[in-house]
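Undergrad:
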Amino acid sequence: MSHIEDVYLGRWTNPRTGEKAPRAPVARIEILDTVAGREAELVRSVGINGEVHLVADTNTHDVLGHQVAKALRSDGFTVHEVILPGRPHATLSEMESLKQKLVNAEAAIAVGSGTINDLTKFVAAQQSLPYCVFGTAPSMDGYASSTASMGLESGLKVSLPAKPPRGVFLDISVLAAAPPHMAAAGFGDCLCNSVARIDWWMSHRVLDTQFWFEPYLVTEPDDGLLEENAEAIGNREHVAIGYLTRALVLSGMGVNFTGVSNHGSMGEHQISHYIDCFARERHPGTLHGQQVGVATLSMGRIQSWFLDQAAPPKIMPTKIDPDDMTRRMGPAIARQCEEEYRKKALDADGAARLNERLQEIWPQLREECRALQVPVEHMKRKLAEAGGATSGAELGLPSEFYREAVRHAHEMRNRFSFADLACDAGLLDGFAASEA
Ligand SMILES: [Zn+2]
Numbered sequence: 335m336s337h338i339e340d341v342y343l344g345r346w347t348n349p350r351t352g353e354k355a356p357r358a359p360v361a362r363i364e365i366l367d368t369v370a371g372r373e374a375e376l377v378r379s380v381g382i383n384g385e386v387h388l389v390a391d392t393n394t395h396d397v398l399g400h401q402v403a404k405a406l407r408s409d410g411f412t413v414h415e416v417i418l419p420g421r422p423h424a425t426l427s428e429m430e431s432l433k434q435k436l437v438n439a440e441a442a443i444a445v446g447s448g449t450i451n452d453l454t455k456f457v458a459a460q461q462s463l464p465y466c467v468f469g470t471a472p473s474m475d476g477y478a479s480s481t482a483s484m485g486l487e488s489g490l491k492v493s494l495p496a497k498p499p500r501g502v503f504l505d506i507s508v509l510a511a512a513p514p515h516m517a518a519a520g521f522g523d524c525l526c527n528s529v530a531r532i533d534w535w536m537s538h539r540v541l542d543t544q545f546w547f548e549p550y551l552v553t554e555p556d557d558g559l560l561e562e563n564a565e566a567i568g569n570r571e572h573v574a575i576g577y578l579t580r581a582l583v584l585s586g587m588g589v590n591f592t593g594v595s596n597h598g599s600m601g602e603h604q605i606s607h608y609i610d611c612f613a614r615e616r617h618p619g620t621l622h623g624q625q626v627g628v629a630t631l632s633m634g635r636i637q638s639w640f641l642d643q644a645a646p647p648k649i650m651p652t653k654i655d656p657d658d659m660t661r662r663m664g665p666a667i668a669r670q671c672e673e674e675y676r677k678k679a680l681d682a683d684g685a686a687r688l689n690e691r692l693q694e695i696w697p698q699l700r701e702e703c704r705a706l707q708v709p710v711e712h713m714k715r716k717l718a719e720a721g722g723a724t725s726g727a728e729l730g731l732p733s734e735f736y737r738e739a740v741r742h743a744h745e746m747r748n749r750f751s752f753a754d755l756a757c758d759a760g761l762l763d764g765f766a767a768s769e770a
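Per my numbering, the sequence shown starts with residue 335, numbered consecutively.
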């Protein structure tokens, strides 16, 4: 815990530069065995007093929201409970409806995990409301981050700038009691960091895009801990869920150093986003992190193939097929994605320059990336131990659609990954065809 405190309070020293990291915008993060009895004190400690709107869904209200509301009332707070019916989604339209409910609010308290936190975070940022969150599941790494993942009207899911909560309060007993697939999702959302790092590093070395070490340096003290505890996470043992929670919080704080999510969101996250945007009636209802876990293995296989080659790939100008994108994505999203895709697309000169660079640095780049690699078979075993699906089919997706996601996810975002390298080398069809 003291390491997390050091990081967000700006006491952590970057070992590469000897400089103190900036203070994160979050005032307090607590991972506790239980929050019971401390709810009011925690909320007051981040400057939230008096009248609050507590946002939950019916499930998270039962699990923890009811308890928090009761504790705050008995401590003198006025609490308005905003209970979202059914299974809410973090979309702009649901955000608008929450905004109406919080129009006169003075402060907001989110009780939930991904969706509830993202909706509340986004509305709080728009209305300049102080807000804090009581987490209910160890399912994703976005509790403390400054961005909110939101679905646009078109169905496209994007990461929008928001403001981090003032306080993040995580009760390990509550988190450990969440359904098993939620811990598996959190594990998948952390597992991806090694493949994301390889993608991001490759992009930095071949295209000179920016790269930061800080997100990885802050998680370094815990390296290996999650894998050692994969089975215990699958069994939702209290201590192991505590480790997972800490890893999720630290991973999310990476965004506070860089302003971007690249350190934990590259080719593998794009595959998960593709599933969320385009599976439609084929979507099995799996969580972001469960999909990320599977996609991490797919990206790991693509990276491994390249990193086994003594010679660099031969890159050709990027082929964009707007008609095919429209057929798969619908016209509105296809247009948005095409705009993003064109930003990283290589013309003939760009491809020639990239080939030149690859010729020059390939042996060295290979070595650097291989040092960061985790064997795919090892990741697969650990993911299974944590209770995660390890293939598109295990997620419940038709194989044909999962292959489509692997083949086309890189079209959605201007981040250059090994999937782009494979696509521009004419190899991605082959890689995608062997996924299931
Ligand atoms: Zn994620």
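Every residue gets a Cβ at the ideal spot worked out from N, C-alpha and C, and that includes glycine.
Would you give the residue range spanned by the beta strand (DSSP E) that Phe-786 belongs to?
TA: In this structure the chain extends from 335 to 770, so residue 786 is not present and cannot be described.
Undergrad: Compute the Euclidean distance between the alpha carbons of Asp-391 and Val-529, then round it to the nearest angstrom.
TA: Looking up residue 391 in the sequence shown gives position 57. Looking up residue 529 in the sequence shown gives position 195. Approximately 34 angstroms between the Cα atoms of the pair.
Undergrad: Mapping the DSSP letters down to three states, classify Ser-528 as helix, strand or coil.
TA: If you number the sequence shown from 1, residue 528 lands on position 194. Looking at Ser-528 - three-state DSSP - the assignment turns out to be helix.
Undergrad: Run the proximity test for Val-583: is its beta-carbon closer than 7 angstroms to any non-hydrogen atom belonging to ligand 1?
TA: The residue you call residue 583 lines up with position 249 of the sequence shown. Not under cutoff, so the answer is no.
Undergrad: Along the chain, where does the alpha helix (DSSP H) that runs through Asp-655 open and close?
TA: Translated into the one-based positions of the sequence shown, residue 655 becomes position 321. It is not in any alpha helix (DSSP H) - Asp-655 carries neither H nor E in the DSSP assignment.
Undergrad: Going by the CB atoms, is the gap between Ser-606 and Val-589 shorter than 8 angstroms?
TA: Position 255 of the sequence shown, counting from 1, holds the residue named residue 589. Position 272 of the sequence shown, counting from 1, holds the residue named residue 606. No; because the gap between Cβ atoms is not below 8 angstroms, this pair is not in contact.
Undergrad: What residue from Leu-453, Pro-514, Ser-379 has the CA that sits closest to Ile-417's CA?
TA: Taking the first residue of the sequence shown as 1, we reach residue 417 at position 83. Nearest option by C-alpha distance: Leu-453.
Undergrad: If you count every other CB in all the chains shown that lies within 10 Å of the CB of Asp-658, and 16 or more means buried, which is it?
TA: Residue 658 sits at position 324 when you count from the first residue of the sequence shown. Classification of Asp-658: exposed, given that the 10 Å Cβ count is below 16.
Undergrad: Pick helix, strand or coil for Ile-649, following the three-state DSSP scheme.
TA: Sequence index remark: in the sequence shown, residue 649 carries index 315 (1-based). Coil at Ile-649, not helix or strand.
Undergrad: Looking only at its own chain, which residues have a Cβ that is under 6 angstroms from the Cβ of Pro-327, when we skip the five neighbours before and after it?
TA: Beyond the ends of the chain as shown, which are 335 and 770, falls residue 327; an answer cannot be given.
Undergrad: Taking buried to mean at least 16 other C-beta atoms within 10 Å of its own C-beta, is Glu-769 buried or exposed?
TA: On the sequence shown, residue 769 is found 435 positions in, with the first residue counted as 1. By the Cβ neighbour-count rule, Glu-769 is buried, with 16 or more other Cβ atoms within 10 Å of its own.
Undergrad: May I have a chain-ordered list of the beta strand (DSSP E) segments no shorter than 3 residues that lie completely inside the segment 430 to 478?
TA: 442 to 446, 465 to 469
Undergrad: If we ignore side chains and look at the alpha-carbon of each, how far apart do Leu-601 and Arg-741 end up?
TA: As a first step, residue 601 is located in the sequence shown; it is residue number 267 there, counting from the start. As a first step, residue 741 is located in the sequence shown; it is residue number 407 there, counting from the start. One detail in the question is off: residue 601 reads as Gly in this sequence, not Leu. C-alpha separation (whole angstroms): 11 angstroms.
Undergrad: His-712: which of Leu-755, Leu-525, Leu-432, Ala-374 sits nearest, CA to CA?
TA: The sequence position of residue 712 within the sequence shown is 378, counting from 1. Considering only alpha carbons, the answer is Leu-525.
Undergrad: Nearest-angstrom Cα distance between Asp-642 and Gln-401?
TA: Stepping through the sequence shown from its first residue, residue 642 is reached at position 308. Stepping through the sequence shown from its first residue, residue 401 is reached at position 67. Asp-642 and Gln-401 have their alpha carbons spaced roughly 54 angstroms apart.
Undergrad: Identify the continuous beta strand (DSSP E) that holds Arg-362 and give its terminal residues.
TA: The residue labelled residue 362 in the question sits at position 28 within the sequence shown. Unbroken beta strand (DSSP E) run through Arg-362: 362 to 366.
Undergrad: When you measure from the CB of Met-474 to every non-hydrogen atom of ligand 1, does any distance come out below 7 angstroms?
TA: As a position in the sequence shown, residue 474 is number 140, starting the count at 1. Answer for Met-474: yes, Cβ within range of ligand 1.
Undergrad: So does Gly-623 have its beta carbon nearer than 7 angstroms to some heavy atom of ligand 1?
TA: Position 289 of the sequence shown, counted from the start, is the residue given in the question as residue 623. Yes, Cβ of Gly-623 sits closer than 7 angstroms to a heavy atom of ligand 1.
Undergrad: Could you work out which residue in Lys-455, Val-413, Ile-443 is closest to Glu-430 when comparing CA atoms only?
TA: Residue mapping note: residue 430 aligns to position 96 of the sequence shown, counting from 1. The candidate whose alpha carbon is nearest that of Glu-430 is Lys-455.
Undergrad: Beta carbon of Gly-619, beta carbon of Gly-520: below 8 angstroms?
TA: Against the sequence shown, residue 619 aligns to sequence position 285. Against the sequence shown, residue 520 aligns to sequence position 186. Contact: no.
Undergrad: Would Ala-355 pass as a contact of Gly-344 if the rule is Cβ separation under 8 angstroms?
TA: Within the sequence shown, the letter at position 21 stands for residue 355. Within the sequence shown, the letter at position 10 stands for residue 344. In this structure, Gly-344 lies closer than 8 angstroms to Ala-355 by Cβ.
Undergrad: Under 8 angstroms, do Val-457 and Leu-432 count as touching if we go by C-beta distance?
TA: Locating residue 457 in the sequence shown gives position 123, where the first residue counts as 1. Locating residue 432 in the sequence shown gives position 98, where the first residue counts as 1. Against a cut-off of 8 angstroms, the Cβ pair of Leu-432 and Val-457 comes out as a contact.
Undergrad: Less than 8 angstroms between the beta carbons of Asp-367 and Ile-506, yes or no?
TA: As a working note, residue 367 is residue 33 in the sequence shown. As a working note, residue 506 is residue 172 in the sequence shown. Against a cut-off of 8 angstroms, the Cβ pair of Ile-506 and Asp-367 comes out as a contact.
Undergrad: Around the C-beta of Thr-351, are 16 or more other C-beta atoms found within 10 angstroms, so that it is buried, or is it exposed?
TA: Walking along the sequence shown from the start, residue 351 turns up at place 17. Looking at its Cβ environment, which holds fewer than 16 other Cβ atoms inside 10 Å, Thr-351 is exposed.
Undergrad: Gly-485 lies in the beta strand (DSSP E); which residues open and close that run?
TA: Walking along the sequence shown from the start, residue 485 turns up at place 151. Run containing Gly-485: 481 to 485, per the beta strand (DSSP E) assignment.
Undergrad: Is there at least one non-hydrogen atom of ligand 1 closer than 7 angstroms to the beta-carbon of Val-529?
TA: By one-based count along the sequence shown, residue 529 stands at place 195. Val-529 Cβ: outside cutoff for every heavy atom of ligand 1.
Undergrad: Do Asn-748 and Lys-677 have their CB atoms nearer than 8 angstroms?
TA: On the sequence shown, position 414 is the one that residue 748 refers to. On the sequence shown, position 343 is the one that residue 677 refers to. A Cβ-Cβ contact shorter than 8 angstroms links Asn-748 with Lys-677.
Undergrad: Is Tyr-610 near ligand 1, with its Cβ less than 7 angstroms from a heavy atom?
TA: Walking along the sequence shown from the start, residue 610 turns up at place 276. Note on residue identity: the sequence assigns Asp, not Tyr, to residue 610. Every heavy atom of ligand 1 is 7 angstroms or more from the Cβ of Asp-610, so no.
Undergrad: Is Ser-493 helix, strand or coil by DSSP?
TA: Taking the first residue of the sequence shown as 1, we reach residue 493 at position 159. Reduced to three states, the DSSP call for Ser-493 is strand.
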